[in-house]
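Just so we're aligned, residue 17 is where the sequence shown starts under my numbering, counting upward by one.
Glycine included, each C-beta is placed from N, C-alpha and C at the ideal position.
Given the structure is predicted, the values throughout are model-derived calculations rather than measurements.
First up is the structure itself, then whatever we jot down about it.
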Amino acid sequence: MKHQSNILALKYRPLNFQDLIGQEYLVETIQKSIQQNKIPNAYIFTGIRGVGKTTTARIVAKMLNCTVFDKNNNPDLINCEQAKAITEDRHPDVIEIDAASNTSVENAREIIENVKYNPVLGKYKVYIVDEVHMLSKSAENAFLKTLEEPPPYIVFILATTEKNKILPTILSRCQIYDFNRVNEIKITNNLQQICENENVKYDIEALKIISSKSDGSIRDSLTILDRLISFTNKNITIEETSKSLNVL
Numbered sequence: 017m018k019h020q021s022n023i024l025a026l027k028y029r030p031l032n033f034q035d036l037i038g039q040e041y042l043v044e045t046i047q048k049s050i051q052q053n054k055i056p057n058a059y060i061f062t063g064i065r066g067v068g069k070t071t072t073a074r075i076v077a078k079m080l081n082c083t084v085f086d087k088n089n090n091p092d093l094i095n096c097e098q099a100k101a102i103t104e105d106r107h108p109d110v111i112e113i114d115a116a117s118n119t120s121v122e123n124a125r126e127i128i129e130n131v132k133y134n135p136v137l138g139k140y141k142v143y144i145v146d147e148v149h150m151l152s153k154s155a156e157n158a159f160l161k162t163l164e165e166p167p168p169y170i171v172f173i174l175a176t177t178e179k180n181k182i183l184p185t186i187l188s189r190c191q192i193y194d195f196n197r198v199n200e201i202k203i204t205n206n207l208q209q210i211c212e213n214e215n216v217k218y219d220i221e222a223l224k225i226i227s228s229k230s231d232g233s234i235r236d237s238l239t240i241l242d243r244l245i246s247f248t249n250k251n252i253t254i255e256e257t258s259k260s261l262n263v264l
C-alpha cells in the first residue's frame, strides 16, 4: 500500500500485516493473540534496523482500535477512520516517543502522568517507544512502576535494536518478539515490484546486489534503491550499481 511521499521507504511503508515482508510467523502469532483478546500490556519488538518494528507497532495499534470489520470479522485497516488517523499520525490515543531524544526521568514521568487518563477516541491508548534501550536507568526504573500495574486500556510497544541493554525487570513484564533479517530473495522480489510500479528499468542482478548490501533490512534496500534511481536516471544497470555501491 502506498503513502503520499516521494521517499520510497515512506511511500511503500506497510499499512497492514498483509504488506509486511519477511515476518510471517511473528505476524500470525500477534494477530491470533489480538483475535482471541489475549492482549498483553506490553510488547517488546527487537531486531536490526529497518525490518518493520515500528511499522508493526503501528499496525498493532490500528488492530486494537479498529471499529470496521470485513465479512470474515478481520479489522479493515484501510477503510477504518481510526486506522486512517493512526496512519496519518493524528490519532490522540497513539503516542510515539523516540527514546533516543527523550531519555530523562522527567520524560518517563510525563508518560506515567498521562497514562492515568482514559483514551479519547479509541478503545486503547498505545505508547510506541522507539529505541527504548536509550532510556536512562532512572527513566527505566520510573517506567517500570507503570509496567507493573498498568490500567487495562494501556498498551506499551517498545522497539529496540539492543534488547540486552534493557532492564531484565522490564523484559520480564513484556511479550518479546524477535524480528528476523529479511532474506535476499524476498528483498529482491520487493525491489522488482517497486521498480515496476515506479517505471524504473533494472537488471535483476543489480537488484540482487542491492539486496545483498542491505543486509536483511527492507528500509536500507529502499534507501539504496532511491539513491540509485536518481543516480542512474531510472535505469539501474549492474555496472552503475556496482560503481555506486563500491562492489568489485
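Rounding to the nearest angstrom, what Cα-Cα distance links residue i and residue j in this structure?
{"i": "Val-216", "j": "Lys-48", "result": "38 Å"}
{"i": "Lys-141", "j": "Asn-134", "result": "8 Å"}
{"i": "Met-17", "j": "Ala-25", "result": "Bear in mind that the predicted position of Met-17 carries a pLDDT of just 49, short of 50, making it too unreliable to give a figure here."}
{"i": "Thr-72", "j": "Ile-144", "result": "10 Å"}
{"i": "Gln-39", "j": "Ala-124", "result": "30 Å"}
{"i": "Asp-105", "j": "Ile-128", "result": "21 Å"}
{"i": "Glu-97", "j": "Thr-239", "result": "30 Å"}
{"i": "Pro-91", "j": "Gly-68", "result": "20 Å"}
{"i": "Leu-207", "j": "Lys-161", "result": "44 Å"}
{"i": "Glu-126", "j": "Leu-244", "result": "43 Å"}
{"i": "Phe-85", "j": "Arg-235", "result": "30 Å"}
Should residue i be labelled buried (16 or more other beta-carbon atoms within 10 Å of its own) or exposed?
{"i": "Arg-29", "result": "buried"}
{"i": "Asn-22", "result": "exposed"}
{"i": "Tyr-41", "result": "exposed"}
{"i": "Ile-201", "result": "exposed"}
{"i": "Asn-89", "result": "exposed"}
{"i": "Lys-250", "result": "exposed"}
{"i": "Lys-78", "result": "buried"}
{"i": "Asn-53", "result": "exposed"}
{"i": "Thr-70", "result": "buried"}
Closest by CA to residue i, which one among the options?
{"i": "Val-263", "options": "Glu-200, Asn-249 and Ser-228", "result": "Ser-228"}
{"i": "Val-110", "options": "Ser-260, Glu-126 and Arg-74", "result": "Arg-74"}
{"i": "Ser-246", "options": "Glu-44, Asn-205, Ala-77 and Glu-214", "result": "Glu-214"}
{"i": "Asn-205", "options": "Val-136, Ile-220 and Ala-77", "result": "Ile-220"}
{"i": "Ser-260", "options": "Pro-167, Val-198, Ile-225 and Ser-117", "result": "Ile-225"}
{"i": "Thr-177", "options": "Ile-37, Phe-61, Ile-203 and Pro-167", "result": "Phe-61"}
{"i": "Ala-222", "options": "Ser-233, Ser-237 and Gly-68", "result": "Ser-237"}
{"i": "Cys-211", "options": "Phe-33, Thr-248 and Asp-231", "result": "Thr-248"}
{"i": "Ala-99", "options": "Thr-70, Asn-118, Asn-32 and Gln-52", "result": "Asn-32"}
{"i": "Lys-132", "options": "Leu-163, Glu-112 and His-149", "result": "Leu-163"}
{"i": "Ser-152", "options": "Ile-203, Asn-118, Asn-130 and Gly-232", "result": "Asn-118"}
{"i": "Glu-271", "options": "Gly-63, Asp-242, Thr-45 and Ile-234", "result": "Only positions 17 to 264 of the chain appear in the structure, and residue 271 is not among them; the question remains open."}
How about the segment 167–178 and the segment 39–59: do they share at least three Cβ pairs that are nearer than 8 Å?
Two segments are said to touch when three or more pairs of C-beta atoms, one from each, lie closer than 8 Å; by this definition the segment 167–178 touches the segment 39–59.
Segment contact, 8 Å Cβ cut-off, at least three pairs: the segment 178–190 with the segment 152–162:
Segments in contact, yes.
Mind listing, in chain order, the continuous beta strand (DSSP E) runs of no fewer than 3 residues lying wholly within the segment 92–158?
The DSSP assignment places complete beta strand (DSSP E) segments of no fewer than 3 residues inside the segment 92–158 at 110–114 and 141–146, in order along the chain.
List, from N- to C-terminal side, the alpha helix (DSSP H) runs of 4 residues or more that fit wholly inside the segment 32–62.
Segments of the alpha helix (DSSP H) lying fully in the segment 32–62: 40–51.
Restricting to runs no shorter than 4 residues, where is the alpha helix (DSSP H) found entirely within the segment 182–207?
Secondary structure in the segment 182–207: the alpha helix (DSSP H) runs of 4 residues or longer, each lying completely within the stretch, are 184–187 in chain order.
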